Structures are given as C-alpha cells and as structure tokens.
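Asker: For what it's worth, full-length UniProt numbering labels the leading residue of the sequence shown as 1, then goes sequentially.
Below you'll find the structure I mean.
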Amino acid sequence: MSAAAAATVLENLPPSLDSTAEQPPLFDGTTRLYTAYICPYAQRVWITRNFKGLQNEIKLVPLNLQDRPAWYKEKVYPPNKVPALEHNGKITGESLDLVKYLDANFEGPSITPDDPAKKQFADELLSYSDTFVGSVFSSFKGDVANEVGEFCSASIWYRSYILLNIKNLLVGL
C-alpha cells in the first residue's frame with residue numbers, strides 16, 4: 001500500500017443538507033461529490049476519494065435523503081440520486097462509473113491492478129458488488145421474492161469464479 005493510501009486524514013464532515021439548505025454555487029471550478037452518508041452506493045465513491053487522498057480536491061456535499069433539497073433534482077442531477085460528481089463543468093452520476101472516473105482522472109494510488117487479467121477480474125468483482133448490494137437493499141424493502149433468484153445465481157457464479165481465479169490474485173503478492 002502506498003504512503004498516500006496508508007495515511008490517515010481526519011476530515012471535518014459537513015452536515016447533511018436538507019430542503020431548507022441553500023444550493024452551493026454550481027460550476028464555479030470546485031469539484032463536488034454530492035453524497036449521502038448512509039447510502040452504500042455513495043459510500044464507495046467517497047471511499048475511493050479518500051483512498052486516493054482527494055479530500056482537499058473534492059468537496060463533500062452530503063444530502064439528507066429523507067428531506068433532500070429541491071434544487072438538487074431541479075438544477076444539479078435530475079435523476080435525483082446520489083452519488084453525483086460535479087467536475088470540469090459537468091455532473092456525472094452512477095457509483096461504479098464515478099469510481100472508475102476518479103481512478104482515471106485524479107492523482108493518487110490506483111484502485112485497480114495494472115495487469116489486464118487482474119484488472120478484468122477486479123472490474124467483475126465491482127460489478128458483482130452492485131448486484132449484491134442491490135439485492136440486499138431490495139430485501140430490506142421487502143422485495144425479497146424478486147431478488148433471491150438473481151442474487152443466488154450471481155452469488156454462486158461469482159464464488160466459483162473467485163475460487164478458480166484466486167491463484168491468479170495471489171501471484172505477485
């Protein structure tokens with residue numbers, strides 16, 4: 001692990017913005033990560049930001065998902081989901097896309113291996129995590145019957161894939 005990734009940075013976390021909060025300036029040159037502290041999709045982008053040591057380059061704008069500001073949907077990100085990243089005059093969403101975007105467009109340690117086979121495996125694991133987290137959250141909302149089959153199939157396939165490829169992951173450690 002690099003020194004940058006190993007360093008601990010204490011950060012004063014801003015309060016979550018609710019429907020009474022004023023909108024931060026948009027496209028003023030500040031890179032902002034619109035997030036929610038409780039959202040696992042937003043958390044993985046936040047974790048990537050922190051791993052790469054970008055706490056000073058990317059400002060957190062946490063939202064209260066139960067009472068989110070109207071300006072967020074109207075002016076920032078019409079899908080009204082978190083996370084979203086304001087960077088270089090545009091807003092981008094979808095957590096997996098943002099994780100890859102941060103890795104490709106910002107300084108700091110890479111979150112993916114350089115080796116193409118290992119990179120492909122890491123991408124597949126990230127994709128699987130999307131299925132897993134989505135299934136878990138659907139079950140919290142009571143939609144278990146619709147998700148169990150898809151989750152079990154994906155889980156069995158990926159566990160098999162991981163076991164078959166674990167040797168490749170350990171090579172070079």
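Quick reminder that beta carbons are idealized off the backbone N, C-alpha and C, glycines included.
Being a predicted model, the structure only gives us computed values, none of them experimental.
(1) Count the other C-beta atoms from every protein chain shown that fall within 10 angstroms of the C-beta of residue 27, then say buried if there are 16 or more, exposed otherwise.
(2) Inspect the beta-carbon positions of residue 76 and residue 41 and report whether they are closer than 8 angstroms.
(3) Report the rounded CA-to-CA distance for residue 175 versus residue 109, giving the unit in angstroms.
(4) Helix, strand or coil: how does DSSP classify residue 12 here?
(5) What does the Cβ neighbour count give for residue 13, buried or exposed, with the cut at 16 atoms within 10 Å?
(6) Is the distance from the Cβ of residue 49 to the Cβ of residue 95 below 8 angstroms?
(7) Label residue 86 either buried or exposed according to how many other C-beta atoms from any shown protein chain fall within 10 Å of its C-beta, with 16 as the threshold for buried.
(8) Look at the alpha carbon of residue 98 and the alpha carbon of residue 71, and state the distance between them as a whole number of angstroms.
(9) From the DSSP output, read off the bridge partner residues of residue 126.
(10) Alpha carbon to alpha carbon, how far is residue 83 from residue 112? Give it in angstroms, no decimals.
(11) So what does DSSP say about residue 21, is it helix, strand or coil?
(12) Kindly confirm or deny that the segment 117–126 and the segment 51–70 touch, where touching means at least three C-beta pairs closer than 8 angstroms.
(13) Return the residue from the list 31, 102, 52, 107 that minimises the CA-CA distance to residue 59.
(14) What alpha helix (DSSP H) runs, 4 residues minimum, are completely inside the segment 81–129?
(15) Give the C-beta separation of residue 62 and residue 37 to the nearest angstrom, bearing in mind that I take them to be a contact with Cβ-Cβ under 8 angstroms.
(16) Between which two residues does the beta strand (DSSP E) holding residue 34 run?
Answerer: With the given structure in hand:
(1) As a first step, residue 27 must be located in the sequence shown, where it is residue number 27. So residue 27 counts as exposed.
(2) In the sequence shown, the residue the question calls residue 76 occupies position 76. In the sequence shown, the residue the question calls residue 41 occupies position 41. For residue 76 and residue 41, no; Cβs fall outside 8 angstroms.
(3) It is not possible to answer for residue 175, since the shown part of the chain is limited to 1 through 173.
(4) Residue mapping note: residue 12 aligns to position 12 of the sequence shown, counting from 1. If DSSP states are grouped into helix, strand and coil, residue 12 belongs with coil.
(5) Within the sequence shown, residue 13 is the residue found at index 13, counting from 1. Residue 13 should be labelled exposed.
(6) On the sequence shown, position 49 is the one that residue 49 refers to. On the sequence shown, position 95 is the one that residue 95 refers to. Not in contact: residue 49 and residue 95 (Cβ atoms no closer than 8 angstroms).
(7) Locating residue 86 in the sequence shown gives position 86, counting from the first residue. Burial call: buried.
(8) Here residue 98 refers to the residue found at position 98 when the sequence shown is read from its first residue. Here residue 71 refers to the residue found at position 71 when the sequence shown is read from its first residue. Their Cα atoms are separated by approximately 21 angstroms.
(9) Counting from 1 along the sequence shown, the entry for residue 126 is found at position 126. For residue 126, which the question treats as bridged, DSSP gives no partner whatsoever.
(10) Residue mapping note: residue 112 aligns to position 112 of the sequence shown, counting from 1. Residue mapping note: residue 83 aligns to position 83 of the sequence shown, counting from 1. Distance between the alpha carbons of residue 112 and residue 83: 20 angstroms.
(11) Taking the first residue of the sequence shown as 1, we reach residue 21 at position 21. DSSP places residue 21 in coil when its eight states are reduced to three.
(12) no
(13) The residue you call residue 59 lines up with position 59 of the sequence shown. Taking only the C-alpha atoms, the option nearest residue 59 is 31.
(14) 95–105
(15) Counting from one through the sequence shown, the residue named residue 62 turns up at place 62. Counting from one through the sequence shown, the residue named residue 37 turns up at place 37. Correct: roughly 6 angstroms between the Cβ atoms.
(16) Walking along the sequence shown from the start, residue 34 turns up at place 34. 31–35 is the span of the beta strand (DSSP E), which, as asked, contains residue 34.
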